[in-house]
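The structure appears below as structure tokens.
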Amino acid sequence: MLRLFTASLLSLFLVVSAGFADEVSVKRSYVDLEWGQMHLRTAYPVTLSDASPVVCFAPNPYSGNYYSLLLKELARDRVVIAPDYPGLGQSDRPEAELDIADHADIMAEVLLKAGWGPKGRGPIDACGYHTGTFIATELALRHPALVRRLVLIGIPFYRGAERAERYEKLGKVRPLPEALAALEQDWIFAVEQRAEGVALERGFENFIESAAAWQNKSRIYGAVFQYPAAQRAPLLIHPTLVLNPHGSLKGPTEDFSSLIANAELVELPDLKYGIFDIAPDVIAGQSRAFLDGP
Numbered sequence: 058m059l060r061l062f063t064a065s066l067l068s069l070f071l072v073v074s075a076g077f078a079d080e081v082s083v084k085r086s087y088v089d090l091e092w093g094q095m096h097l098r099t100a101y102p103v104t105l106s107d108a109s110p111v112v113c114f115a116p117n118p119y120s121g122n123y124y125s126l127l128l129k130e131l132a133r134d135r136v137v138i139a140p141d142y143p144g145l146g147q148s149d150r151p152e153a154e155l156d157i158a159d160h161a162d163i164m165a166e167v168l169l170k171a172g173w174g175p176k177g178r179g180p181i182d183a184c185g186y187h188t189g190t191f192i193a194t195e196l197a198l199r200h201p202a203l204v205r206r207l208v209l210i211g212i213p214f215y216r217g218a219e220r221a222e223r224y225e226k227l228g229k230v231r232p233l234p235e236a237l238a239a240l241e242q243d244w245i246f247a248v249e250q251r252a253e254g255v256a257l258e259r260g261f262e263n264f265i266e267s268a269a270a271w272q273n274k275s276r277i278y279g280a281v282f283q284y285p286a287a288q289r290a291p292l293l294i295h296p297t298l299v300l301n302p303h304g305s306l307k308g309p310t311e312d313f314s315s316l317i318a319n320a321e322l323v324e325l326p327d328l329k330y331g332i333f334d335i336a337p338d339v340i341a342g343q344s345r346a347f348l349d350g351p
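Remember, this note's numbering sits 57 above the position in the sequence shown when you count from 1.
See the structure below:
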């Protein structure tokens, strides 16, 4: 049934998108915080609308540039913002260690200073992939008036020993490498094993960002795999769309979704990896239909 529902929506997206502007403008900016600056990419439609802006939280270890193609699709009729996490991309990082709640609070401060929120231009819609799903979730929980709706995609929700194993493997900060061989697995993952349809240039960009985040990505992975997701998810009251590509996060995504009372789960069986490069129109279409819905 979900496959049929998705297919019918895709047909609708092709018709509706014909009325959108073909181009968007993307601008970069910084927001000053007490300890440094946070970098944002913001995409604007040719004709501004009253739709709530969408803030896209990236998967570790990538910057907001990860969403460059999605920004062009989704920003045809609304503002779309893609921030860099502290210590990644062009954002500074405070000296203190940050958990997911800290990341959510920093993002809230950035958005409020950028003029959004109940005392500004209104609430935002939060979208996250992998790491970004937990930051979006925690943002909604800690700052409920700032967030209107959520779109969560590919959720790294693991329990028990499986979660502990990932923390041990990915969440421990390692010394900077002195040998090129240490970067081999990053190269294989980002370039050699990139999904079919993902451009070589894109794979190379992802490799460079991953290498540059050598220590900070471990800190963020540590936060991800120590986040009490099983306890936090049931507390969500915001309308939530969960998109489930059928890659390695299919099961964890379904598991996390089952904990959210107000979640709508949509299976994406034809998508697995590289989805924001291969099918940004699909992700944008599904998100738009939900965000503009009743």
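For glycine and all other residues, C-beta sits at the position ideal for the given N, C-alpha and C.
Cβ-Cβ separation between LEU127 and ALA341: approximately 6 Å, consistent with a contact (criterion under 8 Å). If you check the CB distance, LEU168 and ILE210 do not come in under 9 Å.
Taking 4 residues as the shortest admissible run, the segment 172 to 220 contains the following complete alpha helix (DSSP H) segments, listed from N- to C-terminal end: 188 to 199. The three-state secondary structure of ASN117, taken from DSSP, is coil.
With 16 or more other Cβ atoms inside 10 Å of its own Cβ, THR297 counts as buried. A residue is called buried once 16 or more other Cβ atoms fall within 10 Å of its Cβ, and ARG85, having fewer, is exposed.
In the DSSP assignment, LEU325 is bridged to PRO302. Nearest C-alpha to GLU130 among GLU154, ALA290, ASP89, VAL339: VAL339. Exposed is the label assigned to GLY350, since fewer than 16 other Cβ atoms lie within 10 Å of its Cβ.
Residue range 81 to 90 is occupied by the beta strand (DSSP E) that includes TYR87.
Taking the Cβ atoms as the reference, PRO291 lies roughly 15 Å from LEU322, outside the contact range of under 8 Å. LEU127: not part of any beta strand (DSSP E); member of the alpha helix (DSSP H) spanning 125 to 131, first to last residue.
Separation of HIS160 and PRO143 (C-alpha to C-alpha, rounded to the nearest whole angstrom) is 8 Å. According to DSSP, residue pairing for ARG98 in a beta bridge involves ARG85, ALA139. Between ARG150 and GLY121, the C-beta gap is not smaller than 9 Å, which leaves the two residues out of contact. VAL88 is a Cβ neighbour of LYS170, given a cutoff of 9 Å. The beta carbons of GLY331 and ARG251 sit about 6 Å from each other, so the pair counts as a contact at 8 Å. The shortest C-alpha to C-alpha distance from LEU240 to any of GLU253, TRP271, GLY260 is the one to TRP271. Short of 6 Å from the beta carbon of GLN94, and not among the five residues preceding or following it, lie these beta carbons of its own chain, in chain order: TYR87, ASP149.
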